[in-house]
Each structure stands twice: as structure tokens, then as C-alpha cells.
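Numbering-wise (full-length UniProt numbering), the sequence shown opens with residue 1 and increments by one. Even glycine gets a Cβ: it sits at the ideal position worked out from N, Cα and C. Fair warning: this is a prediction, and the values are worked out from it, not measured in the lab.
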Amino acid sequence: GDSGGPLMVKHEGRWIQIGIDSFGPIRESPYMPCVYTRVTEYMDWIQENIQE
């Protein structure tokens, strides 16, 4: 599946990740949304836990 995959947008010519695929429908369906976790809500935790 796509769980853990990025949700990317192009902003001012650069690709940035704004979300992480949390879960979605078992089968692809135009009526069933995928659910993403907003990366900005976890930036402090990400910064504290990445290797420098």
C-alpha cells in the first residue's frame, strides 16, 4: 500500500512534503478519500529526532 508515502506540492519551483499518507480505502475508489497526517504539526518532533 501507500501508507507512509508523501503528499507533495510544488511551491515556488521547489517540491515540499506537506503530508504523510496515514490510511485510505482498501480498494481504489473515487468516493473514498485517503487520509494524510499534516507534517507541519510534527515539525518540532521531526527536528528533534533527525540525525544531523
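When DSSP states are grouped into helix, strand and coil, Gln47 belongs to the helix group. Inter-residue distance for Ile50 and Asp21 is about 20 Å (C-alpha atoms, whole angstroms).
Distance check between Asp2 and each of Glu41, Gly19 and Asp44 places Gly19 closest, using alpha-carbon atoms only. Rounded to the nearest angstrom, the Cβ distance from Val35 to Gly24 is 6 Å, consistent with a contact under 8 Å.
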